[in-house]
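291 is the number of the first residue of the sequence shown in the working numbering; add one for each residue after it.
Each residue gets a CB set at the ideal place from its N, CA and C atoms; glycine is no exception.
First comes the structure, then the notes that go with it.
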Amino acid sequence: MSRITPPLGVLLLACFFGWQVTNAQAGEALSQKPSLYIGIENNRRPYAYFTDKQQAQGLLVAVVTSACRQLELDCHFVGGLFNDLVQSLQNIKLNAVVVIDPSLPPEVDALKLTHPANIDRLKLTQPLCQITPVFIQKKLAQARSRPEDFKGTTIGVQEGSVFHSYLLANYGNLAHLKSYPLLESAIVDLVFDRIDAVLADEAFVSARVFESALDEYANLVVTPINKIGLAPTSMTLAVRDRDTDLLKQLSGVLTPTGKEPPCVELLATVPVKLAKK
Numbered sequence: 291m292s293r294i295t296p297p298l299g300v301l302l303l304a305c306f307f308g309w310q311v312t313n314a315q316a317g318e319a320l321s322q323k324p325s326l327y328i329g330i331e332n333n334r335r336p337y338a339y340f341t342d343k344q345q346a347q348g349l350l351v352a353v354v355t356s357a358c359r360q361l362e363l364d365c366h367f368v369g370g371l372f373n374d375l376v377q378s379l380q381n382i383k384l385n386a387v388v389v390i391d392p393s394l395p396p397e398v399d400a401l402k403l404t405h406p407a408n409i410d411r412l413k414l415t416q417p418l419c420q421i422t423p424v425f426i427q428k429k430l431a432q433a434r435s436r437p438e439d440f441k442g443t444t445i446g447v448q449e450g451s452v453f454h455s456y457l458l459a460n461y462g463n464l465a466h467l468k469s470y471p472l473l474e475s476a477i478v479d480l481v482f483d484r485i486d487a488v489l490a491d492e493a494f495v496s497a498r499v500f501e502s503a504l505d506e507y508a509n510l511v512v513t514p515i516n517k518i519g520l521a522p523t524s525m526t527l528a529v530r531d532r533d534t535d536l537l538k539q540l541s542g543v544l545t546p547t548g549k550e551p552p553c554v555e556l557l558a559t560v561p562v563k564l565a566k567k
């Protein structure tokens, strides 16, 4: 894989016109390792996020960083909205994008959401960890688990996610679905009885709810969901479809066995800092 190095002329023009050039990019010509620029969403704890000091953290960031070390790559994480990151990937501004849980075509079309052009021309690694779907809800005499149990209720979900498309297909005729750009907002609505349940990955619930003791305050419980079909577009790394060598290299160290652990198990090895209030 060739090194991606900005020419000296580009750096000089950037200084002249006031373009922003990161320290990593400016010093890349002196680096002894090939560089890889990887897009992540700005605030998707516990999977990928930036600290107050603009350091990339999270479960998937840790997995990718470990792979970069094994491949002797100098990896830089770039934040943004998922759609914008995909566009940057297609425009060769990024080498890869961390894919957390979006519904990609054709599932996204069923949600009537917009999605980036050529998003279906990406290649994905196998999942870096496995999603464990759970409902989080207020403690009841009998916890809801089946679709018919949620008749007439309101369920919160991450907007445009694989969970969103799953609920639309299986609960849409029974319950009202409320989607959130930030899933933490759904938890707040659940605590204050504005919705009845939230469908999420167990890793999110453990890191963002249990670690804050919010479950005890609001008397929340978790109900696992078994044997549901989700699109295999979660917790992966995406590259351009023509970057087959890069995909092979990354897959060889990211998913060598093809059987990755549940994402919630990674919390024991990758602590996730709570966001400051």
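Item                                                                                                                  : Value
Close Cβ partners of S451 (< 7 Å) along its chain, the five nearest in sequence each way excluded                     : D391, P392 and S393
Backbone secondary structure at Q347 - three-state DSSP                                                               : strand
Endpoints, the beta strand (DSSP E) within which C365 is located                                                      : D364 to G370
Three-state secondary structure (DSSP) of V311                                                                        : Reliability fails at V311, whose pLDDT of 42 lies under 50, so the model's placement of it is uncertain and the value that follows must be treated cautiously. V311 falls in the coil class under three-state DSSP.
Nearest residue (CA-CA) to V488, options T559, E474 and R530                                                          : E474
Residues of its chain near F453, where Cβ-Cβ distance is below 6 Å and the 5 sequence neighbours each way are ignored : V447 and L489
The stretch 458–468 / the stretch 540–557 touching (three or more Cβ pairs under 8 Å)                                 : no
Every unbroken alpha helix (DSSP H) within the stretch 466–499, with a cutoff of 4 residues, ordered by chain         : 473–481 and 492–495
Helix, strand or coil at E501 [DSSP, three-state]                                                                     : coil
Sequence ranges, alpha helix (DSSP H) only - wholly within the stretch 404–456, length at least 4                     : none
The beta strand (DSSP E) enclosing V389, as first and last residue numbers                                            : A386 to V389
Where N333 sits in the DSSP three-state scheme                                                                        : strand
Contact with chain B by R359, beta-carbon distance below 7 Å                                                          : No chain B is present in this structure, which holds just one protein chain.
Exposure of I330, with buried meaning 16 or more beta-carbon neighbours within 10 Å                                   : buried
Three-way DSSP call (helix, strand, coil) for S524 in this model                                                      : coil
Beta-carbon proximity of S496 to L557, cut-off 7 Å                                                                    : yes
Spatial neighbours of C323 in its chain, beta-carbon cut-off 7 Å, leaving aside the 5 residues before and after       : Reading off the sequence shown, one finds Lys at residue 323, where the question assumed Cys. Once the five neighbours on either side are set aside, the close Cβ partners of K323 are E362, L363 and D364.
Cβ-based burial, P336 [other Cβ within 10 Å; buried from 16]                                                          : buried
Cβ pair T415, T545 closer than 7 Å                                                                                    : yes
Cβ pair count under 8 Å reaching 3, the stretch 415–430 against the stretch 515–528                                   : yes
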